[in-house]
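Have a look at the structure below, then the notes.
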Amino acid sequence: MSASAPATTLEKIPVTIVTGFLGAGKTTLIRHLMTNPQGRRLAVLVNEFGTLGVDGDILKSCADENCPEENILELANGCICCTVADDFIPTVERLMALPQRPDHILIETSGLALPKPLLKAFEWPGIRSRITVDGVVTLADAEAVADGRFAPDPTAVEAQRLADDSLDHDTPLAEVFEDQLACADIVLLTKADLVDEKKLARARAAIAEIAPRPLPIVAMNDGVIDPQVILGLEAAAEDDLAARPSHHDGHDDHEHEDFDSVVIDLPEIADPEELTEAVRALAREQQILRVKGYVAVAGKPMRMLLQAVGERVRTQYDRPWGAAPRMTRLVAIAEHDHIDRVAIRAVLAGRTTQKA
1 MSASAPATTL EKIPVTIVTG FLGAGKTTLI RHLMTNPQGR RLAVLVNEFG TLGVDGDILK
61 SCADENCPEE NILELANGCI CCTVADDFIP TVERLMALPQ RPDHILIETS GLALPKPLLK
121 AFEWPGIRSR ITVDGVVTLA DAEAVADGRF APDPTAVEAQ RLADDSLDHD TPLAEVFEDQ
181 LACADIVLLT KADLVDEKKL ARARAAIAEI APRPLPIVAM NDGVIDPQVI LGLEAAAEDD
241 LAARPSHHDG HDDHEHEDFD SVVIDLPEIA DPEELTEAVR ALAREQQILR VKGYVAVAGK
301 PMRMLLQAVG ERVRTQYDRP WGAAPRMTRL VAIAEHDHID RVAIRAVLAG RTTQKA
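Below, the structure is given as structure tokens:
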């Protein structure tokens, strides 16, 4: 379908759901697709956990004629699979009502979202005749999966499981991971350049063992993949729910009370490396899963984007501050019991004590 297709066409708009655990590389993949649309006019819906819209801001900075900024919408105040009626459906309807009808919609879920409630939403009368799930693409960090680190402490989880014969469920993190694999049409093993062939094979085997059916598993670096591999799958996933089991089947909804986030504002920093070490310390000492945000570095006209998964921290200068206030704003995500705002701020500020 071309970008000039009339708005009255009866052909359904295909939607690709991009899911995966925290920091798997979803935004990087969507940026690549935006810059390689292969003739498609794209629209993007991005959902973030927490209040700081880092991913949406990154994607809007990549907007062009194939995916203008008005085609990029955010759901930043709630998990997309928990707010289907209130937020998701109206937002999808906004995308479908754009003056120039998108050829393809990309949905980036939060790292905590379960994809199956989204698939069920495509059965809603208001949209089911106009839109279809072309495919569910699940991203998984190759090194983390190879090492069993989709849970914050897999050794402790395994010891607990082995010690209790009556335990028939896994940790919330593992359930999220398994549900995302169970709904997938294809799995992308990201950051494959950081592992050797042995670890890559171990990651593939781990996914194959968890997945309820055989899935294509493709290794990927820096979000780069031929769009033909993941777009145009024509899976009609909303009609194939029985083949996509979930830990939450039979439940009307689910909650994410196991996870929480906190936004930390700081002044300009003098040494980015010291901040990087502080973020690594949060992962080691406070079991923080994810840190992301923007950093104001003294003497630098560009703002620094920081993205961290566990102790792996990546930074880059993405654009000038311009008229925006120069400040550092970071969001930290962890399981609920590990969120201590005062302690997190103290580490990031480089002090042993600091009032929030």
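Numbered per the UniProt record's numbering, the sequence shown finishes at 356, counting up by one with no gaps.
Even glycine gets a Cβ: it sits at the ideal position worked out from N, Cα and C.
Values in this document were obtained by computation on a predicted structure and should not be read as measured data.
Checking the sheet assignment: what are the DSSP bridge partners for residue i?
i: D260; result: A334
i: G20; result: L139
i: I230; result: According to DSSP, I230 bridges with nothing at all.
i: H104; result: L42
i: I131; result: I13
Which of the three DSSP states, helix, strand or coil, is assigned to residue i?
i: L162; result: In this prediction, L162 has a pLDDT of 49, which is less than 50 and means its spatial position is unreliable; what the coordinates show is noted afterwards. Correct three-state label for L162: helix.
i: G53; result: Unreliable positioning characterises G53 in this predicted model, as indicated by a pLDDT of 49, which lies under 50. The coordinate reading is nonetheless provided below. Three-state DSSP puts G53 in coil, outside helix and strand.
i: V195; result: coil
i: D253; result: Since pLDDT at D253 reaches only 49, below the 50 mark, its modelled position is unreliable, and no value is offered.
i: M327; result: coil
i: D179; result: helix
i: T27; result: helix
i: D240; result: coil
i: I210; result: helix
i: T35; result: helix
i: L112; result: coil
i: P272; result: helix
i: P14; result: strand
From which residue to which residue does the alpha helix (DSSP H) around residue i run?
i: V46; result: It is not in any alpha helix (DSSP H) - V46 instead sits in the beta strand (DSSP E) that spans 42-47.
i: A292; result: The question names Ala, but residue 292 is Lys in the sequence shown. K292 -> not in any alpha helix (DSSP H); beta strand (DSSP E) instead, spanning 290-295.
i: L119; result: 115-121
i: V224; result: It is not in any alpha helix (DSSP H) - V224 carries neither H nor E in the DSSP assignment.
i: T91; result: 89-96
i: A346; result: 341-348
The beta strand (DSSP E) that contains residue i, what's its start and end?
i: P320; result: 312-320
i: I217; result: 217-219
i: R303; result: 302-309
i: I186; result: 186-190
Let me confirm a value: residue i is counted as buried when at least 16 other C-beta atoms fall within 10 Å, else exposed. Which label applies?
i: Q228; result: exposed
i: T16; result: buried
i: G322; result: exposed
i: H198; result: Reading off the sequence, residue 198 comes out as Lys, not His. Exposed: under 16 other Cβ atoms inside 10 Å.
Using a Cβ-Cβ distance cut-off of 8 Å, determine whether residue i contacts chain C.
i: G25; result: In summary, chain C is missing from the structure at hand, where a single protein chain is found.
Exercise. Taking 8 Å as the threshold, find out whether the stretch 262-270 comes into contact with the stretch 184-192 through three or more Cβ pairs.
Key: no
Quiz item: Are there three or more Cβ pairs, one per stretch, closer than 8 Å when the stretch 131-146 is compared with the stretch 232-243?
Solution: yes
Quiz item: Just checking, does the stretch 316-325 make contact with the stretch 274-290 on the three C-beta pairs under 8 Å criterion?
Solution: no
Quiz item: Does the stretch 204-218 touch the stretch 13-24, meaning 3 or more C-beta pairs lie closer than 8 Å?
Solution: no
Quiz item: Should the stretch 196-211 be called in touch with the stretch 91-99, which here means at least 3 C-beta pairs below 8 Å?
Solution: no
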